[in-house]
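Below: the structure, in structure tokens.
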Amino acid sequence: MHYPRIPMIAAFAITYSFTTISIIPAYAQDAASTAFAQKAAQSDMFEIEAGKVAIARGKDDAAKQFARDMVMDHTKSSTDLKSAVEAEKIELPTGLTQENTDKLAALEAASDVDFDQAYLATQVAAHEEAVAMFTSYVKDGPDGPIKNFATATLGTLRTHAIKVHGLTDNK
1 MHYPRIPMIA AFAITYSFTT ISIIPAYAQD AASTAFAQKA AQSDMFEIEA
51 GKVAIARGKD DAAKQFARDM VMDHTKSSTD LKSAVEAEKI ELPTGLTQEN
101 TDKLAALEAA SDVDFDQAYL ATQVAAHEEA VAMFTSYVKD GPDGPIKNFA
151 TATLGTLRTH AIKVHGLTDN K
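Per UniProt numbering, the sequence shown starts with residue 1, numbered consecutively.
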């Protein structure tokens, strides 16, 4: 029996095109998850290091308590993020970016008189950026452990942002 080749070729082409189309979003989702996780890890590392500097150098009790809270909360966030990325096999950075290294160096270089204000200013900027990044990922990121982490962490970041704005408004 002779089978026409054109229908088989057409069926193969249609199947192949649907398979290719469905794979592309998966790669885009992986890239979005990887980029988010790496930025979140950077944010945590910066918060922890800046907090340690503020604990050591700060003069204002409220700013120092905020710094202690940042070290504690962002250490927990880092642990939670590491758990979330395990299933996705995403490697997290182990050191600060040059941009964050420069921000930390600028904070360390602040005079004793200006230190608390400099620390709080970095915290306002860092938390506004983090809240925006986490909000975007919660809204648009693919479902899974990383999105669950982002959803669970967003409330804490919003609380930090409110708290640091309150500290800067009082100064």
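Don't be surprised by glycine CBs; every beta carbon is placed ideally from N, CA and C.
Reduced DSSP secondary structure (H/G/I, E/B, other) of residue i
i	result
Ser43	helix
Thr20	A caution first: Thr20 carries a pLDDT of 41, below 50, which makes its placement in the model unreliable, though a value can still be read off. Helix at Thr20.
Gly95	coil
Ile146	helix
Ala37	helix
Ile162	helix
Ser136	helix
Val113	coil
Gly51	helix
Gly58	coil
Lys103	helix
Gly155	helix
Rounded C-alpha distance that separates residue i from residue j
i	j	result
Ser136	Arg158	13 Å
Lys163	Glu88	33 Å
Ala56	Gln65	11 Å
Lys103	Ala50	9 Å
residue 172	Ser33	Since the first residue shown for the chain is 1 and the last is 171, residue 172 is missing from the structure and cannot be characterised.
Own chain, CB closer than 6 Å to residue i, minus 5 neighbours either side, in chain order
i	result
Gln60	Reading off the sequence, residue 60 comes out as Asp, not Gln. Only Asp116 meet the Cβ criterion.
Asp140	none
Ala84	Pro145, Ile146, Phe149
Host alpha helix (DSSP H) of residue i (start-end)
i	result
Ala84	61–86
Other residues of its chain near residue i: CB distance less than 7 Å, five sequence neighbours each side excluded
i	result
Glu47	Met70, His74, Ala126
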